[in-house]
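First up is the structure itself, then whatever we jot down about it.
2 protein chains.
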Amino acid sequence: MSTRDPYAEAGVDYTTLDAAKRRAVAAARATSSNPATRGAVVDDASRGEPATVVRVGDASYAFVLECLGTKSLIARDFEAVTGVDRYDSAGYDTVAAAVNDCCCVGALPLVVNAYFATGAASWYAGTRHASLVDGFARACGDCGAAWGGGESPTLSGLVVPDGIDLAAAVVGVVPAGIEPLLGGTLAAGDEIVLVSSCGLHQNGASLVRAVACRLELGLAEPLASGRLFGEAALDSGVIYVGLVEQLLARGVAVHYLSHITGHGLRKLMRADRELTYRIERLPEVPELLGFLAEKAGLSASEAYATLNMGAGFACYVAAGSGAQVVEAAEGLGLTALVAGSVEPGPRRVVLEPLGIEYAARDLQLR
Amino acid sequence: MSTRDPYAEAGVDYTTLDAAKRRAVAAARATSSNPATRGAVVDDASRGEPATVVRVGDASYAFVLECLGTKSLIARDFEAVTGVDRYDSAGYDTVAAAVNDCCCVGALPLVVNAYFATGAASWYAGTRHASLVDGFARACGDCGAAWGGGESPTLSGLVVPDGIDLAAAVVGVVPAGIEPLLGGTLAAGDEIVLVSSCGLHQNGASLVRAVACRLELGLAEPLASGRLFGEAALDSGVIYVGLVEQLLARGVAVHYLSHITGHGLRKLMRADRELTYRIERLPEVPELLGFLAEKAGLSASEAYATLNMGAGFACYVAAGSGAQVVEAAEGLGLTALVAGSVEPGPRRVVLEPLGIEYAARDLQLR
Chain A
13 MSTRDPYAEA GVDYTTLDAA KRRAVAAARA TSSNPATRGA VVDDASRGEP ATVVRVGDAS
73 YAFVLECLGT KSLIARDFEA VTGVDRYDSA GYDTVAAAVN DCCCVGALPL VVNAYFATGA
133 ASWYAGTRHA SLVDGFARAC GDCGAAWGGG ESPTLSGLVV PDGIDLAAAV VGVVPAGIEP
193 LLGGTLAAGD EIVLVSSCGL HQNGASLVRA VACRLELGLA EPLASGRLFG EAALDSGVIY
253 VGLVEQLLAR GVAVHYLSHI TGHGLRKLMR ADRELTYRIE RLPEVPELLG FLAEKAGLSA
313 SEAYATLNMG AGFACYVAAG SGAQVVEAAE GLGLTALVAG SVEPGPRRVV LEPLGIEYAA
373 RDLQLR
Chain B
13 MSTRDPYAEA GVDYTTLDAA KRRAVAAARA TSSNPATRGA VVDDASRGEP ATVVRVGDAS
73 YAFVLECLGT KSLIARDFEA VTGVDRYDSA GYDTVAAAVN DCCCVGALPL VVNAYFATGA
133 ASWYAGTRHA SLVDGFARAC GDCGAAWGGG ESPTLSGLVV PDGIDLAAAV VGVVPAGIEP
193 LLGGTLAAGD EIVLVSSCGL HQNGASLVRA VACRLELGLA EPLASGRLFG EAALDSGVIY
253 VGLVEQLLAR GVAVHYLSHI TGHGLRKLMR ADRELTYRIE RLPEVPELLG FLAEKAGLSA
313 SEAYATLNMG AGFACYVAAG SGAQVVEAAE GLGLTALVAG SVEPGPRRVV LEPLGIEYAA
373 RDLQLR
């Protein structure tokens, strides 16, 4: 990976954040057995995984709190330029971000809580809130979860007056008879299936806004297809829960799952294992992401280290099982391909078609 | 209640927010059975209660996502004025806000996830993050929960650069053999025990900052005791989980619990029941809250409708059981008093010592 960090230039310094994250994880780890007298314990093998796994008796629950990031600011800016309210997309993606993390450990979402923090009550004027609520509820339906409750504070002086900080918490359950997917069963020889994204999903919003500032028409800049830059950036993301549910129900030998968000395809080596992930085929790059990478001046190495570049979710399955994943995905209207395999070797990601390699030091989440 | 809303003057308009909250609750209610095929369903009787109750088989879980509000801005401003880092208090209170809500339905916290959203990575300079993490972990210990994980995004352009938006999600379990406390067993004749707060807790931070702006020394203004205004405002709140755990374990006939936060003592009529809550004795007002109410120019009616005024938590128990609650509280180092009782009559709160009455229309959370 290049030493230049284009994402830091857009205001996101992952090096500092990852260090703080590790400090918090260490403090959290010391508390894992606190609720033992209440019959529960956190599975420490889930530390650093996309969801916290809590064992309660024979059952395993997953617990996630996830933020949308700054995508709501794209909705704000797009509304200002075009008059079109796309807060439904922000609501949808808030749920998508959390439930896609939840299902990575093999847990199916049960209930989602909403966090809608505005900077001023004036935010609630117009259609925004109804639109946000619609998108949030629709996503709960699409992932099979209930919307439980949540919190909608006004944080004057903390959140910008015309902004909304969106997050969601989710509790999921691992189906009976299935062990949580925490990387332990990943093995050399496993096939890696990449399931397509439809665009930005929940990561890269800061970069979109930075690029929009440099374009003459900003978010109204047309892409080659004629769609507007902001319109495409506000496409709702894909929810992968239905696919995971089906793979588990069909008994497909799933060994690991990774939701490709921040850190782009570096997330392919998320598991705490010394293994090499070799990708021989890459999915098609969504128009929006190609445009974004080009206008941001990202090299291919930078782009794939930052954005999903068309790969929204990775399924690691036993050798020979990849085709079943592709079939299940296609049955759900998704696009997927057997993209590569897991090999013995140092922890790294190799993107063969592009001659790119990311080393273990490029992804330090623990 | 007065028509003047001093809180709105400090930037928090509860009327607009409560309306939006009701819209979200209605949308959420339609999704309660979504996860039925996964063996879970949201108990609709928990809609509008402090925690969402999810039934999974024979077990009942509670789920909360709660925000600290703007108390972190007091920590920021206090550090700027005195050089003293009290982000530990912000961390502690983030957990306290969530777990005190959780235990209201009779659920004991199992796992807490953290939401630390900064406006710039520069926030992480100095001791703040370590301090925040310490306070968060300490509160998890004090309530017997594990710290699971969470999210720590940098939200450039959304959160102010030197600010941090803090929230926590918690999953709790209702002990076996106990029904969730959702108001159904509240009855005329029940005794109301008020358990003392130690000051601001997690509500009133905007008002503190508004008042500080008008004081010559701001947060460094001394109170009568010699403590500084900001120092007292940053006292960590009380966690009531241990008390609830003990009441349930001892078989005390607890009928309802209310965490007194936003809306002050109007929260005494939180339950969705047509009952009158008559308070005959009030707890001592913490020095900080007396000072705050006075400097903000609040009438008693306004102050008790806005702040906890010394009553942090209310326990509604069968007639004759109040003394057991007081004894249990005192055994845990808390202060409590049998303050009044539940009566037949219209939904309202009567604070007899002050001649104040809040009508049902003053608290519309559903």
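Chains A and B, in that order, give the protein sequences. Taking the working numbering, I'd label the letters of the first sequence as residues 13 to 378. Taking the working numbering, I'd label the letters of the second sequence as residues 13 to 378. Glycine included, each C-beta is placed from N, C-alpha and C at the ideal position.
Would you give the residue range spanned by the alpha helix (DSSP H) that residue i belongs to?
{"i": "residue 221 of chain A", "result": "217-226"}
{"i": "residue 155 of chain B", "result": "140-155"}
{"i": "residue 112 of chain A", "result": "99-116"}
{"i": "residue 305 of chain B", "result": "299-307"}
{"i": "residue 334 of chain A", "result": "334-343"}
{"i": "residue 371 of chain B", "result": "Per DSSP, residue 371 of chain B belongs to no alpha helix (DSSP H); it is in the beta strand (DSSP E), 368-371."}
{"i": "residue 254 of chain B", "result": "253-261"}
{"i": "residue 91 of chain A", "result": "83-94"}
{"i": "residue 314 of chain A", "result": "312-316"}
With a threshold of 16 other CB atoms inside 10 Å of the CB of residue i, please say whether the residue is buried or exposed.
{"i": "residue 370 of chain A", "result": "buried"}
{"i": "residue 280 of chain B", "result": "buried"}
{"i": "residue 105 of chain B", "result": "buried"}
{"i": "residue 14 of chain A", "result": "In this predicted model, residue 14 of chain A has a pLDDT of only 40, less than 50, meaning its place in the structure is not dependable; the value taken from the coordinates is given anyway. The residue in question, residue 14 of chain A, is exposed, as its Cβ has fewer than 16 Cβ neighbours within 10 Å."}
{"i": "residue 295 of chain B", "result": "buried"}
{"i": "residue 96 of chain A", "result": "exposed"}
{"i": "residue 16 of chain A", "result": "Residue placement at residue 16 of chain A is poorly supported in this model, since its pLDDT is 49, which falls under 50; the coordinates still yield a value, given next. Label assigned to residue 16 of chain A: exposed."}
{"i": "residue 87 of chain B", "result": "buried"}
Please confirm if residue i has its CB atom under 8 Å from at least one CB of chain B.
{"i": "residue 215 of chain A", "result": "no"}
{"i": "residue 369 of chain A", "result": "no"}
{"i": "residue 125 of chain A", "result": "yes"}
{"i": "residue 197 of chain A", "result": "no"}
{"i": "residue 112 of chain A", "result": "no"}
{"i": "residue 376 of chain A", "result": "no"}
{"i": "residue 97 of chain A", "result": "no"}
{"i": "residue 15 of chain A", "result": "Only weak support exists for where residue 15 of chain A lies, its pLDDT of 41 falling under 50; the value from the coordinates is given anyway. Judged by the 8 Å Cβ criterion, residue 15 of chain A is not in contact with chain B."}
{"i": "residue 241 of chain A", "result": "no"}
{"i": "residue 221 of chain A", "result": "yes"}
{"i": "residue 366 of chain A", "result": "no"}
{"i": "residue 225 of chain A", "result": "no"}
{"i": "residue 289 of chain A", "result": "no"}
{"i": "residue 218 of chain A", "result": "yes"}
Could you confirm whether any beta carbon from chain A is found closer than 8 Å to the beta carbon of residue i?
{"i": "residue 24 of chain B", "result": "With a pLDDT of 49 at residue 24 of chain B, under the threshold of 50, the modelled position of this residue cannot be trusted, and the question is left open."}
{"i": "residue 141 of chain B", "result": "yes"}
{"i": "residue 9 of chain B", "result": "Nothing about residue 9 of chain B can be reported from this structure: the residues present for chain B run from 13 to 378 only."}
{"i": "residue 273 of chain B", "result": "no"}
{"i": "residue 46 of chain B", "result": "yes"}
{"i": "residue 18 of chain B", "result": "At residue 18 of chain B, the pLDDT of 48 sits below 50, so the modelled position is not reliable; the number obtained from the coordinates is stated separately. So no, residue 18 of chain B is outside the interface."}
{"i": "residue 248 of chain B", "result": "no"}
{"i": "residue 175 of chain B", "result": "yes"}
{"i": "residue 206 of chain B", "result": "no"}
{"i": "residue 252 of chain B", "result": "no"}
{"i": "residue 94 of chain B", "result": "no"}
Can you pull the DSSP bridge partners for residue i?
{"i": "residue 52 of chain B", "result": "B:68"}
{"i": "residue 352 of chain B", "result": "B:204, B:291"}
{"i": "residue 267 of chain B", "result": "DSSP output for residue 267 of chain B lists no bridge partner at all."}
{"i": "residue 168 of chain B", "result": "B:171"}
{"i": "residue 181 of chain A", "result": "A:77, A:125"}
{"i": "residue 363 of chain B", "result": "B:291, B:368"}
Can you name the start and end residues of the beta strand (DSSP E) that residue i belongs to?
{"i": "residue 248 of chain B", "result": "Note, residue 248 of chain B: premise wrong, no beta strand (DSSP E); not H, not E."}
{"i": "residue 123 of chain B", "result": "120-130"}
{"i": "residue 327 of chain A", "result": "323-329"}
{"i": "residue 159 of chain A", "result": "158-163"}
{"i": "residue 277 of chain A", "result": "It is not in any beta strand (DSSP E) - residue 277 of chain A carries neither H nor E in the DSSP assignment."}
Report the neighbours of residue i on chain E: residues whose CB is nearer than 8 Å to its CB, in chain order.
{"i": "residue 279 of chain B", "result": "Of the protein chains in this structure, namely A and B, none is chain E."}
Are the beta-carbon atoms of residue i and residue j separated by less than 8 Å?
{"i": "residue 194 of chain A", "j": "residue 72 of chain A", "result": "no"}
{"i": "residue 319 of chain B", "j": "residue 215 of chain B", "result": "yes"}
{"i": "residue 351 of chain A", "j": "residue 292 of chain A", "result": "yes"}
{"i": "residue 116 of chain A", "j": "residue 333 of chain A", "result": "no"}
{"i": "residue 208 of chain A", "j": "residue 343 of chain A", "result": "no"}
{"i": "residue 148 of chain A", "j": "residue 135 of chain A", "result": "no"}
{"i": "residue 155 of chain A", "j": "residue 185 of chain A", "result": "no"}
{"i": "residue 308 of chain A", "j": "residue 219 of chain A", "result": "yes"}
{"i": "residue 326 of chain B", "j": "residue 206 of chain B", "result": "yes"}
{"i": "residue 122 of chain A", "j": "residue 47 of chain B", "result": "yes"}
{"i": "residue 80 of chain B", "j": "residue 253 of chain B", "result": "no"}
{"i": "residue 290 of chain B", "j": "residue 353 of chain B", "result": "yes"}
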